[in-house]
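Taking it in order: structure first as structure tokens, then the write-up.
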Amino acid sequence: MNIIDWINEHNGNFAQLKKLIISMNLMPGLSKSSFDHLTEKLLQQLEKGADQDKLEKVIETELCVSYGLYKSEFDAEELASEIFNWWENNNN
Numbered sequence: 015m016n017i018i019d020w021i022n023e024h025n026g027n028f029a030q031l032k033k034l035i036i037s038m039n040l041m042p043g044l045s046k047s048s049f050d051h052l053t054e055k056l057l058q059q060l061e062k063g064a065d066q067d068k069l070e071k072v073i074e075t076e077l078c079v080s081y082g083l084y085k086s087e088f089d090a091e092e093l094a095s096e097i098f099n100w101w102e103n104n105n106n
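Residue 15 is where the sequence shown starts when you use the working numbering, and the numbers rise one by one after that.
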């Protein structure tokens with residue numbers, strides 16, 4: 015795969031993953047662009063071959079540290095499962 019194809023694939027995956035994250039309604043008041051950081055972090059992990067447990071840790075860390083949520087406000091395991099299933103279905 016050449017670099018142009020990789021960039022196009024990455025951008026397409028980014029848009030789809032961001033749409034999925036927004037649909038999870040984690041923080042309804044935030045603008046859609048507010049989730050770019052989380053989306054990019056998760057997509058990088060997925061592209062590196064991260065497993066569901068790694069995604070769960072990234073989600074937990076990012077939502078608490080970067081977005082100021084408490085662990086009780088979201089289910090990292092469920093979110094990771096949904097995202098991991100999307101990735102497997104989208105990239106196999």
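For each residue, glycine too, the CB sits at the ideal point set by N, CA and C.
Practice task
Could you give the DSSP three-state label for Leu69: helix, strand or coil?
Solution key: helix
Exercise for the section: Assuming Leu52 contacts Glu87 (C-beta within less than 8 Å), just tell me the rounded distance between them. Expected result: The C-beta separation of Leu52 from Glu87 comes to about 14 Å, leaving the pair out of contact by the 8 Å criterion.
Handout entry: Bounding residues of the alpha helix (DSSP H) (the contiguous stretch that carries Gly63)
Key = First-last for Gly63: undefined, no H or E at that position.
Handout entry: Cβ neighbour criterion (16 or more within 10 Å) applied to Ile21
Key = Taking every protein chain shown into account, the CB of Ile21 has fewer than 16 other CB atoms within 10 angstroms, so this residue is exposed.
Exercise for the section: Look at the Cβ atom of Asn104, then the Cβ atom of Gln30, and state whether they are nearer than 8 Å. Expected result: yes
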